[in-house]
Amino acid sequence: MPIQLHIIYGLKFEIIRVTETVKLLPWYRERGYGENHVRLPAGITEESTAEDIERVVAAEFDASGYEAVAEYLTSQWEVHAAGFVPMKSVAAFAWRDSFEVVLTKYGSGGSFDVGKGRVIVNIATREREKLVGTITHEIIHMLIQHMIKANNVSHWRKERLVDLIGAKYFPKLLNRKQLTPEDVSMIDQAFKAHSIDEIEVTIQELGA
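Okay, so the sequence shown: first residue is 37 according to my numbering, each after it adds one.
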């Protein structure tokens, strides 16, 4: 396969996920995400201590729920990963041969950590049939993040660009358009004006 997934999960990852999500709550609010965008354990708020988080998450943790999802994703990835094959010809993408996938029941639907080559995907808020799409979306983020950062592209412009790349290479898997709190029509125009091999030029046009 063009990209290998290494699926991991465990109590320590869940404690980290909840801790990081609590810290990011102001960031989500600033970007127009609703209160239901992230999932936290009952009773955990911005005022919760590290001890509160560890105690509550440990009480909820059950490894069996993660095992079944890991097996499902492994089988489905073999079907969908072929969409990355033509993407390897795009020189500007920051390619990796493998990514870690952390399964979680908290936080947003999906996120990424470029430095670790890691996708975090929420298995509690999305049907398992949609999880491969979430993983693919987050991988696309990592392929272009170096260009996004270099050109200071805003959050929602970045999200729309990832949606367009996803729809191009994974039309059956990623054919959605996220609802955005701002006009991102210029992203569609820039994407149509250049070939995918000119993705660097496209992203430069989208910069602040």
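Beta carbons: idealized from backbone N, C-alpha and C, even for Gly.
For residue i, which residues from the same chain have a beta carbon less than 8 angstroms from its beta carbon, with the 5 sequence-adjacent residues on both sides left out?
i	result
V157	V137, V138, L139, T140, G145, G146, L167, T170, I171, E174
A226	T238, E241, L242
I159	G101, Y102, V105, L139, T140, K141, L167
L209	H116, G119, V168, G169, T172, G202
K204	I232
Specify the secondary structure class of residue i as computed by DSSP and reduced to three states.
i	result
K98	Residue 98 is actually Asp in this sequence, not Lys. Three-state DSSP puts D98 in coil, outside helix and strand.
D233	helix
S40	Here the sequence assigns Gln to residue 40, which means Ser is not the residue at that position. DSSP places Q40 in strand when its eight states are reduced to three.
T81	coil
D88	helix
R65	helix
R193	helix
R53	helix
Cutting at 6 angstroms between CB atoms, please list the residues of its own chain near residue i, excluding the five before and the five after it.
i	result
R196	V220, I223
T216	W192
Q112	V168
M178	F148, V150
W131	none
Y45	Y102, L139
I184	K194
Closer than 7 angstroms by C-beta to residue i: which residues in its own chain qualify, once you throw out the five before and the five after it? Chain order, please.
i	result
H73	Y64, S144
I43	A106, L109, T110, V137, L139
A201	As written in the sequence, residue 201 is Ile, which differs from the Ala given in the question. Taken in chain order, the residues that qualify are I176.
T57	V74, L76, Y142, G143
G79	V92
Do residue j and residue i count as a contact pair if the criterion is CB distance below 8 angstroms?
i	j	result
P38	K124	yes
V115	I51	no
E96	P77	yes
F298	G119	A query on residue 298 cannot be resolved here, the shown segment of the chain reaching from 37 to 244 and no further.
D233	V126	yes
V199	Q181	This sequence places Asp at residue 199; Val is not what is there. No, Cβ-Cβ distance for D199 and Q181 is not below 8 angstroms.
I235	A128	yes
On the premise that residue j lies in contact with residue i, defined as a C-beta separation below 8 angstroms, what is that separation, rounded to the nearest angstrom?
i	j	result
R53	Y142	5 angstroms
- Let me know the alpha helix (DSSP H) ranges lying completely inside the region 96 to 140, each 4 residues or longer, listed in chain order. Counting whole runs of 4 or more residues, the region 96 to 140 contains the alpha helix (DSSP H) stretches 100 to 116.
- Residue ranges of each beta strand (DSSP E) within the region 137 to 189, 3 or longer: Complete beta strand (DSSP E) runs here, min 3: 146 to 149, 154 to 158.
- Query: Taking only runs of the beta strand (DSSP E) that begin and end inside the region 197 to 229, which ones reach a length of at least 3 residues, in chain order?
  - Reply: Segments of the beta strand (DSSP E) lying fully in the region 197 to 229: there are none.
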